[in-house]
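Visitor: Numbered per the UniProt record's numbering, the sequence shown spans residues 1 to 190. Idealized CB from N, CA, C, for every residue including glycine.
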Amino acid sequence: MPEKYSPREAIMNTRLLKPIAVALGTALLASCATVPKDLAGQYARITPQQASNGGVSGTPVRWGGTIIQTEPSHADTCFYVLGKPLASNDARPESMRDSIGRFVACKRGFYDPEVYAKGREITVSGMLRGVITRKVGSYEYPYPRVEANVVHLWPLRVAYNRGYYNNGWNDPFGGPGWGRLGRLGRAMGL
Numbered sequence: 001m002p003e004k005y006s007p008r009e010a011i012m013n014t015r016l017l018k019p020i021a022v023a024l025g026t027a028l029l030a031s032c033a034t035v036p037k038d039l040a041g042q043y044a045r046i047t048p049q050q051a052s053n054g055g056v057s058g059t060p061v062r063w064g065g066t067i068i069q070t071e072p073s074h075a076d077t078c079f080y081v082l083g084k085p086l087a088s089n090d091a092r093p094e095s096m097r098d099s100i101g102r103f104v105a106c107k108r109g110f111y112d113p114e115v116y117a118k119g120r121e122i123t124v125s126g127m128l129r130g131v132i133t134r135k136v137g138s139y140e141y142p143y144p145r146v147e148a149n150v151v152h153l154w155p156l157r158v159a160y161n162r163g164y165y166n167n168g169w170n171d172p173f174g175g176p177g178w179g180r181l182g183r184l185g186r187a188m189g190l
């Protein structure tokens, strides 16, 4: 009598199992976000708030956040940024986190203030070059200045409408068609 295999053994012995496993593994690895190549590297673990005290000039940093203001001049463009912690997987600013301080990043060339607009997310990498003071309201705020090698503008985040969806089974009487007392209510004209 031929030997019978259990369903599990039959699946394990199929020739499709290995290619399926390889395809799933490849898809899983491909779905992981990575830091853009221009932002990759080793940087000091110092926040803009810590750097505002000075004494860290010449330190390589990678910071990001939300643009407060973009100021082009004849030689360079400076971005005033409200710093946010960066995501470990792709170096994008984490928009829902608290601020880690403000900073200014300047890069040679012209960057259009309409493109690099207030509220857009950027990540910069470069060297710390001292602290500049600028008024925020009536307060003199010390901005650490980054001489940027890279300015990475992130795409706008897509807002999804996660509105209420009623499939009919969410009412308190247990099923669709029970609104306003269900059939009884409709029969009575309610």
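Pairs of beta-carbons, one from the segment 131 to 141 and one from the segment 107 to 122, closer than 8 Å: are there three or more?
Guide: With the cut-off at 8 Å, the segment 131 to 141 and the segment 107 to 122 do not touch.
Visitor: By the three-class DSSP mapping on this structure, what secondary structure does residue 213 have?
Guide: There is no way to answer for residue 213, as the model of the chain reaches only from 1 to 190.
Visitor: Could you give the C-beta distance for Tyr139 and Phe103, rounded to a whole number, given that I count them as a contact under 8 Å?
Guide: The Cβ separation is near 16 Å, so there is no contact.
Visitor: With a threshold of 6 Å on Cβ separation, who are the neighbours of Arg145 within its own chain once the five nearest residues in sequence on each side are excluded?
Guide: Val104, Arg129, Gly130 and Ile132.
Visitor: Tell me whether the segment 38 to 45 and the segment 57 to 71 touch, counting them as touching only if at least three CB pairs, one residue from each stretch, are closer than 8 Å.
Guide: Taking 8 Å as the limit for Cβ pairs, the verdict is that the segment 57 to 71 does touch the segment 38 to 45.
Visitor: Starting from Ala105 and walking both ways along the beta strand (DSSP E), at which residues does that stretch end?
Guide: Residues Gly101 to Arg108.
Visitor: Please name the residue, chosen from Asn161, Gln49, Pro155 and Ser73, that lies closest to Asp90 on a Cα-to-Cα basis.
Guide: That would be Pro155, whose Cα lies nearest to the Cα of Asp90.
Visitor: Can you give the beta carbon distance from Thr66 to Leu82, rounded, assuming they're within the 8 Å contact cut?
Guide: Indeed they touch by this definition, with Cβ atoms about 5 Å apart.
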